[in-house]
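In order, the protein sequences belong to chains A and B. Sequence positions in the first sequence follow our numbering and run 18 to 218. Sequence positions in the second sequence follow our numbering and run 18 to 218.
Protein chains: 2
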Amino acid sequence: MSSRGPTYRIENIVATVNLGVELDLERLAERLMMAEYNPDQFPGLILRLTKPRISALIFRTGKMVATGAKNEEDLKNAVKALVKLLRDHGAEVPFDPEVQIQNIVASGNLHAEVDLEQAVLMLENAMYEPEQFPGLIYRMSSPRVVILIFGSGKIVCTGAKSEKDVALAVQKLYNQLKELGVLYIEEGGEEELGEEFEEEL
Amino acid sequence: MSSRGPTYRIENIVATVNLGVELDLERLAERLMMAEYNPDQFPGLILRLTKPRISALIFRTGKMVATGAKNEEDLKNAVKALVKLLRDHGAEVPFDPEVQIQNIVASGNLHAEVDLEQAVLMLENAMYEPEQFPGLIYRMSSPRVVILIFGSGKIVCTGAKSEKDVALAVQKLYNQLKELGVLYIEEGGEEELGEEFEEEL
DNA sequence: GGCATATTTAAATACGGATTTATAAGTCGT
DNA sequence: ACGACTTATAAATCCGTATTTAAATATGCC
């Protein structure tokens, strides 16, 4: 019976949206009670949707950043809702603006403990200073992502621009660590009580 | 080979000292740089000694509260030092004022885990609400103390006025819990790596 | 150019504060 | 009369904050 491979789940998608028109943020802030806008502090107007929990930073230039989505469908729906909200409050923005995924954050599980002290010696572009932060910071160049690796075998993969890159990075990392012999893989059946990470590779 | 019995260590002694003269706290605060005195907030002047770490609350009436001592000798020495400090800064207090121990706090170890859910049902004058506080609160009437009992077998005994009462309370508690069958006593040798609680009964 | 401001998200470790208990002192508010 | 303020102390659990990483956005400061 072999052990399972790595799994991951997308936790956060950061996307930019180009509304294509300039916006009067002062006016918007007046009309939108839920908006937070303090230009002395930060030049963007902040909107927070709740279902799902997705936030947006809206700038005078008509550029918008949407954060918090866990999948592309939620992202799309949130952009729709934001556009509607803006249109309903006087901003003439297009129905179907361009959306660009800029960052995907995924958490993952290698299902094996990791010897971080050894790993940092054997991996290139790795940093591990446990007194500063309990994870090993690994910069993978292709795909170009950063992966935080914890002793428990849990990881965070960040900087990807597509799910394909996430999947590839997680698998590559797993293969590398296995080859380096820094994984403590326990043999045994796959005991699952509730699925914490859904995507398996 | 039988297991060991309970042990304890005195952690804090609270004592009152009657200096027998009224004091000018404003003047004292001026002269004593280390003094903290904010009468709007609290009517006492606060002094903190460092070796050992013992604090004093000094009141206009010449009454004083000393806290932090872990044994009577440290308490006596602290009172001497405080008297000297006051005399050196113009307060005509007697050399050898009356000292009265008002509270002794001791931590202890029953060297056995405790079933708190069962214990609270079987003990009189016991309260256990783990969502509010992780210890069981047990009020012993003779000696009149309060004992906090934790699942690990560690305890805090508070309210005693003499070490004799502490010792008696800890032993009584141990006997009661043993009799009630809520202690998980592990048989085995006495494995000590550094003495955490010194007084054994 | 770099840093800060702000948004989001996971991982895991550390730290501080809070909780509870007793006790004396003295002052204020209810 | 009671509760709050203050001081000290242990136990153990919870919560919040911080740490790190990425990315876009835009404004201000050095």
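For every residue, glycine included, the Cβ atom is placed at its ideal position computed from N, Cα and C.
(Q) Between which residues of its own chain and B/V38 is the CB-CB distance below 7 angstroms, once the five residues before and five after are set aside? (A) On the second sequence, position 21 is the one that residue 38 of chain B refers to. Excluding positions up to five away in sequence, the list reads G79, E109 and V110.
- Message: Less than 8 angstroms between the beta carbons of B/F76 and B/P56, yes or no?
- Response: Within the second sequence, the letter at position 59 stands for residue 76 of chain B. Within the second sequence, the letter at position 39 stands for residue 56 of chain B. Taking 8 angstroms as the Cβ cut-off, B/F76 and B/P56 do not qualify as a contacting pair.
Could you tell me the distance, in whole angstroms, from the CA atom of B/K171 to the CA atom of A/K181?
By one-based count along the second sequence, residue 171 of chain B stands at place 154. By one-based count along the first sequence, residue 181 of chain A stands at place 164. Their Cα atoms are separated by approximately 53 angstroms.
Inset, instruction - Mind reading off the beta-carbon distance from B/D91 to B/P69? Whole number of angstroms is fine, and I expect it under 8 angstroms. - result: The residue labelled residue 91 of chain B in the question sits at position 74 within the second sequence. The residue labelled residue 69 of chain B in the question sits at position 52 within the second sequence. Indeed they touch by this definition, with Cβ atoms about 5 angstroms apart.
How long is the line joining the alpha carbons of B/A184 and B/E141, rounded to whole angstroms? On the second sequence, residue 184 of chain B is found 167 positions in, with the first residue counted as 1. On the second sequence, residue 141 of chain B is found 124 positions in, with the first residue counted as 1. If I take the Cα positions, the gap works out to 20 angstroms.
* Taking the alpha carbon of B/L74 as the point to measure from, which residue in B/N88, B/G125, B/E89 and B/L103 has its own alpha carbon closest? -> Looking up residue 74 of chain B in the second sequence gives position 57. Cα-wise, what sits closest to B/L74 is B/L103.
Look up A/Y191 in the DSSP assignment and say whether it is helix, strand or coil.
Within the first sequence, numbered from 1, the residue matching residue 191 of chain A stands at position 174. Helix.
- Query: Which residue comes first and which comes last in the beta strand (DSSP E) that contains B/A83?
  - Reply: As a working mapping, residue 83 of chain B is identified with position 66 in the second sequence. Its beta strand (DSSP E) spans residues K80 to A86.
- Is B/L185 helix, strand or coil by DSSP? Within the second sequence, numbered from 1, the residue matching residue 185 of chain B stands at position 168. The answer is helix: DSSP assigns B/L185 an H, G or I state.
- [ ] Could you say which of A/S72, A/L45, A/P160 and A/R21 lies nearest to A/V34 if we only look at CA atoms?
- [x] Numbered from its first residue, the first sequence carries residue 34 of chain A at position 17. A/V34 has its Cα closest to that of A/S72, out of A/S72, A/L45, A/P160 and A/R21.
query: Based on the DSSP output, what are the partners of A/R161 in its beta bridges?
result: Numbered from 1 along the first sequence, position 144 holds the residue referred to as residue 161 of chain A. Its beta-bridge partners are A/S158.
- Task: Counting only the same chain and skipping the five closest in sequence on each side, list residues whose C-beta sits under 6 angstroms from that of A/E217.
- Result: As a working mapping, residue 217 of chain A is identified with position 200 in the first sequence. Cβ within range, chain order: T24.
Give me, in chain order, the residues of the same chain whose beta-carbon lies closer than 8 angstroms to that of A/M157; leave out the 5 immediate sequence neighbours on both sides.
In the first sequence, residue 157 of chain A corresponds to position 140, counting from 1. If we look at A/M157 and ignore the five residues flanking it on each side, its Cβ neighbours are N142, V163, I164, A186, K189 and L190.
Contact the segment 40-57 of chain A vs the segment 84-99 of chain A: 3+ CB pairs below 8 angstroms:
no
Rounded C-alpha distance that separates A/E209 from A/E215:
Counting from one through the first sequence, the residue named residue 209 of chain A turns up at place 192. Counting from one through the first sequence, the residue named residue 215 of chain A turns up at place 198. Its pLDDT being 48, under 50, A/E209 is placed unreliably by the model, and the measurement read from it follows with that caveat. Whole-angstrom Cα-Cα distance: 11 angstroms.
### Query
Leaving out the 5 sequence neighbours to the left and right, which residues in its chain are closer than 8 angstroms to A/P151 when beta-carbon positions are compared?
Taking the first sequence and counting its residues from 1, the one referred to as residue 151 of chain A is at position 134. Result list for A/P151: F167 and G168, in chain order.
- beta strand (DSSP E) containing A/A123: first to last residue? Walking along the first sequence from the start, residue 123 of chain A turns up at place 106. Note, A/A123: beta strand (DSSP E), E115 to N126.
Checklist entry - For B/A177, which three-state DSSP category applies? => result For the purposes of this step, residue 177 of chain B is identified with residue 160 of the second sequence, where counting begins at 1. Note: B/A177 maps to strand in three-state DSSP.
- Item | N- and C-terminal bounds of the beta strand (DSSP E) containing A/N29 | The residue labelled residue 29 of chain A in the question sits at position 12 within the first sequence. Start and end: T24 to N35.
Review point. Sorted by chain position, which residues of the same chain lie with C-beta nearer than 6 angstroms to B/A129's C-beta, five sequence neighbours on each side aside?
Key: Here the question's residue 129 of chain B lines up with position 112 in the second sequence. For B/A129, where only same-chain residues beyond five positions count, the Cβ hits under 6 angstroms are G170, L200, Y201 and I202.
Beta-carbon proximity check, B/S124 vs B/E28, cutoff 8 angstroms:
The residue you call residue 124 of chain B lines up with position 107 of the second sequence. The residue you call residue 28 of chain B lines up with position 11 of the second sequence. Yes, these two residues count as a Cβ contact at 8 angstroms.
Fill in: Identity of the residues DSSP links to B/A73 by a beta bridge
Mapped onto the second sequence, residue 73 of chain B falls at position 56. B/L64 and B/A83.
- request: Taking only heavy atoms of the ligand PLP into account, decide whether any of them is closer than 7 angstroms to the Cβ of A/E141.
  value: Summarising the ligand content, the structure contains no ligands, and the ligand PLP is consequently not present.
For B/M50, report the span of its alpha helix (DSSP H) as first-last.
Taking the second sequence and counting its residues from 1, the one referred to as residue 50 of chain B is at position 33. It is not in any alpha helix (DSSP H) - B/M50 carries neither H nor E in the DSSP assignment.
Worksheet entry | In DSSP terms, what A/V131 is bridged to | For the purposes of this step, residue 131 of chain A is identified with residue 114 of the first sequence, where counting begins at 1. Its beta-bridge partners are A/L200.
Taking the alpha helix (DSSP H) that A/D91 belongs to, which residues open and close that run?
Here residue 91 of chain A corresponds to residue number 74 of the first sequence, with the count starting at 1. From DSSP, the alpha helix (DSSP H) with A/D91 extends over E89 to D105.
Open item on the list: With distance defined between alpha-carbon atoms, name the residue in B/T84, B/A177, B/N192 and B/R48 nearest to B/G107.
Closed with: Along the second sequence, one-based indexing puts residue 107 of chain B at 90. Cα-wise, what sits closest to B/G107 is B/R48.
_For B/M18 and A/C174, I'd like the C-alpha separation in whole angstroms._
For the purposes of this step, residue 18 of chain B is taken as the residue at position 1 of the second sequence. For the purposes of this step, residue 174 of chain A is taken as the residue at position 157 of the first sequence. With a pLDDT of 42 at B/M18, under the threshold of 50, the modelled position of that residue is not reliable, and the figure given next carries that caveat. Each residue's alpha carbon lies about 54 angstroms from the other.
Do you know whose CA, among B/A136, B/K87, B/Y54 and B/R21, lies nearest B/V122's CA? Position 105 of the second sequence, counting from 1, holds the residue named residue 122 of chain B. Here the closest residue by C-alpha is B/K87.
| field | B/T84 versus B/L64: straight-line alpha-carbon distance, rounded | value | Within the second sequence, the letter at position 67 stands for residue 84 of chain B. Within the second sequence, the letter at position 47 stands for residue 64 of chain B. Spanning the two alpha carbons is a distance of roughly 10 angstroms.
Item checked: Where B/L40 sits in the DSSP three-state scheme -> Numbered from its first residue, the second sequence carries residue 40 of chain B at position 23. Of the three classes helix, strand and coil, the one that applies to B/L40 here is coil, per DSSP.
- prompt: Is DSSP giving B/L210 helix, strand or coil here?
  reply: For the purposes of this step, residue 210 of chain B is taken as residue 193 along the second sequence, with counting starting at 1. Unreliable positioning characterises B/L210 in this predicted model, as indicated by a pLDDT of 47, which lies under 50. The coordinate reading is nonetheless provided below. The answer is coil: DSSP assigns B/L210 none of H, G, I, E or B.
Which residues DSSP lists as bridging A/A16, in chain order: The question about residue 16 of chain A has no answer here: the residues shown for chain A are numbered 18 through 218.
Rounded C-alpha distance that separates A/E213 from A/I30:
Against the first sequence, residue 213 of chain A aligns to sequence position 196. Against the first sequence, residue 30 of chain A aligns to sequence position 13. Distance between the alpha carbons of A/E213 and A/I30: 18 angstroms.
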